[in-house]
Structure formats: C-alpha cells, structure tokens
Amino acid sequence: MFRRSVYKKPAQLRGMIAPGEITSAALDVVAAAIRPGISTLELDRIADEEIRRRGAHSNFQLVDGYHHTVCASVNEEVVHGIPGERVLAAGDIVSIDCGAETPEGWNGDSARTFIVPGEGADPELVAQREQLSEVTRGSMWAGIAALASASHLGEVGAVIQDYIEDNPLPSTGQPAGILRDYVGHGIGRSMHEPPTLFHYATPGRGAEIKPGLCICVEPMMTAGSEEVQVEDDDWTITTVDGSSGAHWEHSVAVHAEGIWVLTAPDGGASGLAPFGVTPTPIP
Ligand code: MG
Ligand code: MG
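If you want this note's numbering, it's the position in the sequence shown, counting the first as 1, plus 8.
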C-alpha cells in the first residue's frame with residue numbers, strides 16, 4: 009500500500025507556511041480577548057471567525073466527534089477541554105489549542121497557556137500558575153531548539169524532560185508532571201500524522217530528524233502529579249490531584265537550511281534565542 013513519506017518536499021514545506029501563520033493569528037485574537045467574564049465558547053467563536061476571515065477553516069472541526077475550533081482547558085484541565093458556557097475568572101489558567109487548514113489542504117496546530125488577568129485572584133496561586141506555564145513554555149522551546157541539531161526525535165524528548173527536571177517549580181520544589189499518554193506528532197495534509205514525539209526520554213531513538221520533517225512540539229505539564237484522567241465528556245483531560253495544567257505547542261518545519269517555527273510570528277527567533285538557535289525561513 010502506498011504510504012506518504014513523513015518528509016516533505018520543499019514545495020510542500022512552503023505550503024505549511026500559510027496555515028501556521030493563520031493559526032498564530034487566531035491565537036493572537038484569542039489572547040487579546042481573554043479577560044474575566046468571557047466564556048470559553050466566546051473564545052472559540054473568536055478563533056473561528058479569524059480563521060475564516062483569513063480564508064481557511066478549523067481543522068479541529070475535522071476531528072471525528074469534535075465540533076469546536078479550539079480546545080480550552082481551564083485550571084485542573086490540562087488538554088482537550090471543550091469550549092462552553094464556563095466563564096473565566098481572574099487568576100484562572102487556561103490553555104487554548106487551535107489549528108487551521110488552508111484550502112490547499114495544509115495544516116497548522118499551536119497552543120498557548122494564559123493566566124487570566126484581573127483583580128481578586130489569590131496572588132500565590134497566580135504565581136504558581138505563571139511558574140507552571142513558564143516552565144512548560146521553556147521546555148517547548150528547549151525541544152524546538154534541539155530539532156536544529158539532534159538526529160532523532162528521541163533526543164528531543166530527552167531534552168524536554170531534562171529541562172523540566174533542571175527547572176523544578178518554585179511552589180513545590182518538584183519538577184512539573186509530564187503527561188505520558190499524550191504526545192507531539194507530525195503535521196501536514198492532516199493535523200495529526202506520523203511520526204510521534206514523546207515529551208520525555210524513551211528507550212527508542214524515534215524518527216530521524218532531517219529536511220522535510222514537520223513536527224508539533226507540545227509539552228503538557230501539571231503542577232503536581234503526572235497522573236491524569238478522562239472526564240465524563242470523553243474528551244477533557246484533568247489532573248487526578250486537582251493541580252493546574254499547562255500546554256504550549258508549536259508546529260515546526262525542518263528544512264535544508266535550518267528550522268522554522270511555522271506557528272510563531274517571528275519564526276521562533278525570540279523563543280529560540282536563549283538556546284543559541286536562529287531560525288531560517290523556508291527557502
Ligand atoms: Mg494542538
Ligand atoms: Mg498537536
């Protein structure tokens with residue numbers, strides 16, 4: 009049976025630029041809208057409008073059984089939260105995961121975590137949540153930076169785990185919990201494609217990193233135990249101990265001249281700078 013290579017040709021890589029930019033723009037408008045009193049369903053509508061305004065459509069709506077444009081995961085929800093009537097409050101931690109597919113059939117996928125600004129939140133809890141989001145974000149950039157020099161995805165997972173272990177959460181003195189059963193993935197004609205990226209060290213080497221690879225690096229972390237459960241809606245993943253969750257994700261292209269973060273407005277320049285990596289636009 010014919011199986012499409014996971015390594016894209018240069019022209020196919022260029023097709024990945026537009027959906028990345030549209031996904032990033034959708035998250036920008038969500039970011040601007042996040043405030044106490046807004047519902048996660050309103051954020052979903054805002055993201056959908058922006059994706060459509062830019063001539064694409066939501067690829068989350070193409071996932072069997074899913075009917076929304078974003079996943080919105082609040083507090084003890086780590087990933088796959090379904091948008092609804094829930095209203096955000098100051099101090100909530102909310103992860104928004106979003107993706108767009110262009111009419112040409114290429115996909116983007118990205119997630120950001122926000123702490124809802126505003127008065128009245130417990131400052132200690134806010135600080136804990138900011139620390140969790142920051143270490144999750146840092147582990148993502150460490151993993152993306154590793155794509156520039158590593159030879160196999162297993163090395164990227166080990167780098168992410170090392171980053172988490174080297175940066176324990178000040179609130180607990182312990183490293184963030186790394187979700188084990190939810191993974192990064194290839195992206196292209198579909199939002200979810202081979203190969204798999206584990207966000208922790210594995211015995212296997214993983215897929216080869218070489219020009220043409222498009223991969224989503226998306227660490228999902230908790231402020232406590234790594235143990236999670238699926239809620240009764242069959243989607244939402246929550247921490248068993250009730251601790252907060254965070255999720256950061258970018259779609260990244262590896263090409264002949266370097267790496268380019270497709271879902272970052274600057275190609276990843278600012279996020280990669282602390283790691284000594286400079287992204288190169290796709291030729
Ligand atoms: Mg995603
Ligand atoms: Mg993803």
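Glycine included, each C-beta is placed from N, C-alpha and C at the ideal position.
Query: Proximity below 8 angstroms, CB of residue 101 to CB of residue 137; Result: yes
Query: Endpoints, the beta strand (DSSP E) within which residue 117 is located; Result: 115 to 123
Query: Residues bridged to residue 228 [DSSP beta-bridge criterion]; Result: 255
Query: C-alpha gap between residue 217 and residue 85, whole angstroms; Result: 32 angstroms
Query: Classification of residue 75 by the beta-carbon crowding that lies within 10 angstroms, buried from 16 upward; Result: exposed
Query: Beta carbon shell of ligand 2 at less than 6 angstroms from a heavy atom; Result: 117, 193, 224, 226, 257
Query: Distance cut-off 7 angstroms: residue 279 Cβ against heavy atoms of ligand 1; Result: no
Query: DSSP three-state assignment for residue 192, whether helix, strand or coil; Result: strand
Query: Length-filtered (3 minimum) beta strand (DSSP E) runs lying within the region 57 to 100; Result: 78 to 82, 85 to 87
Query: Check whether residue 80 and residue 104 have beta carbons under 8 angstroms apart; Result: yes
Query: Contact check, residue 222 vs residue 194, beta carbons under 8 angstroms; Result: yes
Query: Straight-line gap, residue 283 to residue 150 (C-alpha atoms, nearest Å); Result: 7 angstroms
Query: Status (buried if at least 16 other CB within 10 Å, exposed otherwise) for residue 120; Result: buried
Query: Distance between beta carbons of residue 33 and residue 58, contact taken as under 8 angstroms; Result: 6 angstroms
Query: Cα-Cα separation, residue 281 to residue 207; Result: 21 angstroms
Query: Range of the contiguous alpha helix (DSSP H) that encloses residue 285; Result: Here residue 285 belongs to no alpha helix (DSSP H), and DSSP marks it neither H nor E.
Query: Limits of the alpha helix (DSSP H) - the one that residue 31 falls within; Result: 25 to 41
Query: Cβ-heavy atom distance, residue 107 to ligand 1, below 7 angstroms; Result: yes
Query: Local conformation of residue 241 per DSSP, three classes; Result: coil
Query: Cβ-based burial, residue 16 [other Cβ within 10 Å; buried from 16]; Result: buried
Query: Length of the line joining the Cα atoms of residue 225 and residue 30; Result: 18 angstroms
Query: Local conformation of residue 250 per DSSP, three classes; Result: coil
Query: Beta-bridge partners of residue 236, as assigned by DSSP; Result: 247
Query: Rounded C-alpha distance that separates residue 94 from residue 52; Result: 12 angstroms
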